[in-house]
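Written below as structure tokens is the structure these notes are about.
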Amino acid sequence: MDKLSVLVINGPNLNMLGSREPDIYGKTDYQQLVRLIDKWAAELDIRVETRQSNHEGDIVDWIQDAPSSFDAIVINPAAYTHTSIAILDALKAVMLPAVEVHISDVRAREDFRQISYAGMACEEHIIGEGIEGYKHALQYLAAALSRDGLGGAGEPWR
Ligand code: DQA
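Residue numbers (the numbering used here): 3 to 160.
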């Protein structure tokens with residue numbers, strides 16, 4: 003069987019990890035995060051590619067193209083979580099299993115972070131576990147896809 007292949011998508015300002023509000027997002031910088039994701043994926047025998055963009059349209063394009071090269075998506079849409087119906091629609095259009103990750107506990111933060119559009123198309127939501135959340139998302143997909151084959155969107159957290 004081919005290796006499970008996962009596209010990890012990171013939205014705006016996540017390229018500034020490490021220096022950006024470290025009390026909220028931690029001190030690990032973006033390049034370190036990418037290396038950790040590579041390591042965690044290798045341990046799970048997953049082929050992974052990690053991308054980041056500050057532009058909503060890039061993220062929509064990557065989701066649209068994902069089915070030709072990937073089995074599943076891990077997405078931290080960052081601020082677009084709370085605004086982007088375009089990202090929600092793209093995730094619904096491709097119907098790949100998707101897991102939403104947030105480094106911080108958005109549920110305990112401002113009111114404007116209490117809606118997740120992208121999350122409505124995700125089957126799992128890993129929130130407030132720091133960067134380890136990406137590891138848990140990969141573990142979730144490795145387990146879920148070996149058990150059930152391709153999944154579908156589950157309950158939105160909000
Ligand atoms: C975030 C939470 C979002 O509300 C915020 O806009 C981000 C990062 C997180 O990972 O905790 O940029 O998605």
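Glycine included, C-beta positions come from ideal geometry on N, C-alpha and C. In this text, all values refer to a predicted model and were calculated from it rather than measured experimentally.
| Item | Value |
| --- | --- |
| Count the other C-beta atoms from every protein chain shown that fall within 10 angstroms of the C-beta of F114, then say buried if there are 16 or more, exposed otherwise. | exposed |
| Assuming the contact rule is C-beta atoms closer than 8 Å, V108 and A88 should be a hit. Round their C-beta distance to whole Å, please. | Not a contact, Cβ separation roughly 20 Å. |
| Tell me the residue span of the beta strand (DSSP E) that contains Q54. | I48 to Q54 |
| Any residue with its Cβ nearer than 7 Å to a heavy atom of ligand 1 should be included. What is that list in chain order? | G13, P14, N15, L16, Y27, N78, P79, A80, A81, T83, H84, V103, H104, I105, S106, V108, R111 and R115 |
| Which runs of the beta strand (DSSP E) at least 3 residues long sit entirely within the region 51–97? Give them in chain order. | 74–78 |
| Would you identify the three-state DSSP class for N15, choosing helix, strand or coil? | coil |
| Strictly by DSSP, which residues pair up with E112? | According to DSSP, which records beta bridges pairwise, E112 is partnered with nothing at all. |
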